[in-house]
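Visitor: Starting off with a structure, shown below.
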Amino acid sequence: MATYKDEAIVLHAHDLGEADRLIIMLTAGRGLRRAVAKGVKRTASRFGARLEPFTHLKVVLHEGRNLDTVTQAEIIRSHSPLRSDFEKFLFGQAMLELVERSLPENQNLPRLFDILRVTLGVMEGEVEDPALLLAAFQLKVCALIGYHPRLDTCLHCGREVSGNKVRLDPVGGGIVCASCAARSGTASTLSAGALELMRGIMGEGMASIARRREDPLAVSEVLGISFLLAEGFLERRLRSRRIVLDHLKGKGRPFPLSAEPSRG
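138 is the number of the first residue of the sequence shown in our numbering; add one for each residue after it.
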């Protein structure tokens, strides 16, 4: 089997036997890879703490039939501030979970690596509202994977949708008019302010989004919707959804009924 070099961001790691760890990583050139880091749990391991989640690395991997093996790892950026700030850690973990769940193993999508790399870098700096950055990341990842939310016309009939309250079908992946919403059992209410915010951030860079100061209620709504859209695309629950939303609710952040953490 071949040995290859790549850049990687560690998404997840867990113990494998007494001395080894299984590392799930997103690589720049080969997509999602699973690799064994042998002896990493030993005190004298040459890897040290390099293979922790969030870490951006240069790696040398030996390709195996089922699992690769990490032979070298050099830190490009550790993203250690994400581990020392509890809220940013939670939001960063949500990003890593979405990436791991979204991409089939060995399918390469370089833009996904780029947006994760950029967003983690932005998140560890000054961010006006980390919840908005997470929402934007989730919406953009859905779009990259091919599940671009339709936010201009009705998902079902194609008519323009307007008004103070619209409906969004997270399973279908877009807004629906009042007539079509009546026939959809999965549509959620979406305020005009939240819809405008979603439209704005879809075409905006992460550094710019990090400087936005928006209505917390609208951000909470967009964040809740971004989780619903991601889960609709994946057809599975994201563990991070309840953790993140419960954390924000515990801080006293306002939530519209449609995005209440207790729902779903």
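Idealized CB from N, CA, C, for every residue including glycine.
Can you tell me which of the three DSSP states D157 falls into?
Guide: Reduced to three states, the DSSP call for D157 is strand.
Visitor: Excluding the 5 residues preceding and the 5 following T164 in the sequence, name in chain order all residues of the same chain whose CB lies nearer than 6 Å to its CB.
Guide: Closer than 6 Å at Cβ, skipping near neighbours: D143, A145 and R170.
Visitor: How is the beta strand (DSSP E) around E211 delimited, first residue to last?
Guide: Segment D205 to R214, the beta strand (DSSP E) holding E211.
Visitor: DSSP puts A172 in a beta bridge; with which residues?
Guide: Partner(s): I160 and D205.
Visitor: Should K388 go down as buried or exposed, given a rule of 16 or more other Cβ atoms within 10 Å for buried?
Guide: Exposed, by the Cβ-count rule.
Visitor: Helix, strand or coil: how does DSSP classify R400 here?
Guide: Annotation note: pLDDT 48 at R400 (below 50); position unreliable, no value reported.
Visitor: How many angstroms separate the CA atom of L246 from the CA atom of L253?
Guide: C-alpha separation (whole angstroms): 11 Å.
Visitor: Looking at A367: is its Cβ nearer than 9 Å to the Cβ of L235?
Guide: It is a contact, given that the beta carbons lie within the stated cut-off.
Visitor: For D306, count neighbouring C-beta atoms within 10 Å of its own C-beta (all shown protein chains included) and say buried if the count is 16 or more, exposed if not.
Guide: The residue in question, D306, is buried, as its Cβ has 16 or more Cβ neighbours within 10 Å.
Visitor: Buried or exposed: which applies to F223, given that a residue is buried once 16 or more other Cβ atoms fall within 10 Å of its Cβ?
Guide: With fewer than 16 other Cβ atoms within 10 Å, it is exposed.
Visitor: Name the one or two DSSP bridge partners that V93 has.
Guide: Residue 93 is absent from the model: the chain starts at 138 and stops at 401.
Visitor: Helix, strand or coil for L104 per DSSP?
Guide: Summary: the structure shown does not reach residue 104, with the chain confined to residues 138 through 401, and so no result is reported for it.
Visitor: With C-beta atoms as the reference, is C279 less than 9 Å away from S363?
Guide: Going by C-beta atoms, C279 is nearer than 9 Å to S363.
Visitor: Could you pull the start and end residues of the alpha helix (DSSP H) that L269 belongs to?
Guide: Run containing L269: P267 to I282, per the alpha helix (DSSP H) assignment.
Visitor: If you follow the alpha helix (DSSP H) that D222 is part of, which residue opens it and which one closes it?
Guide: Counting along the chain, D222 falls outside any alpha helix (DSSP H), and DSSP gives it neither H nor E.
Visitor: Where does G310 sit, in a helix, a strand or coil, going by DSSP?
Guide: Reduced to three states, the DSSP call for G310 is coil.
Visitor: Could you say which of F370, A329, G340 and L365 lies nearest to D352 if we only look at CA atoms?
Guide: Nearest option by C-alpha distance: A329.
Visitor: Would V298 and T290 be called neighbours here (beta carbons separated by less than 9 Å)?
Guide: Yes; because the gap between Cβ atoms is below 9 Å, this pair is in contact.
Visitor: By DSSP, does H293 sit in helix, in strand, or in coil?
Guide: Here H293 sits in coil by DSSP.
Visitor: Could you check whether the segment 307-318 touches the segment 259-268, counting it as contact only if at least three pairs of C-beta atoms, one from each stretch, sit closer than 8 Å?
Guide: No, because fewer than three Cβ pairs between the segment 307-318 and the segment 259-268 fall closer than 8 Å, the two stretches do not touch.
Visitor: Taking buried to mean at least 16 other C-beta atoms within 10 Å of its own C-beta, is R348 buried or exposed?
Guide: Exposed, because fewer than 16 other Cβ atoms sit within 10 Å of the Cβ of R348.
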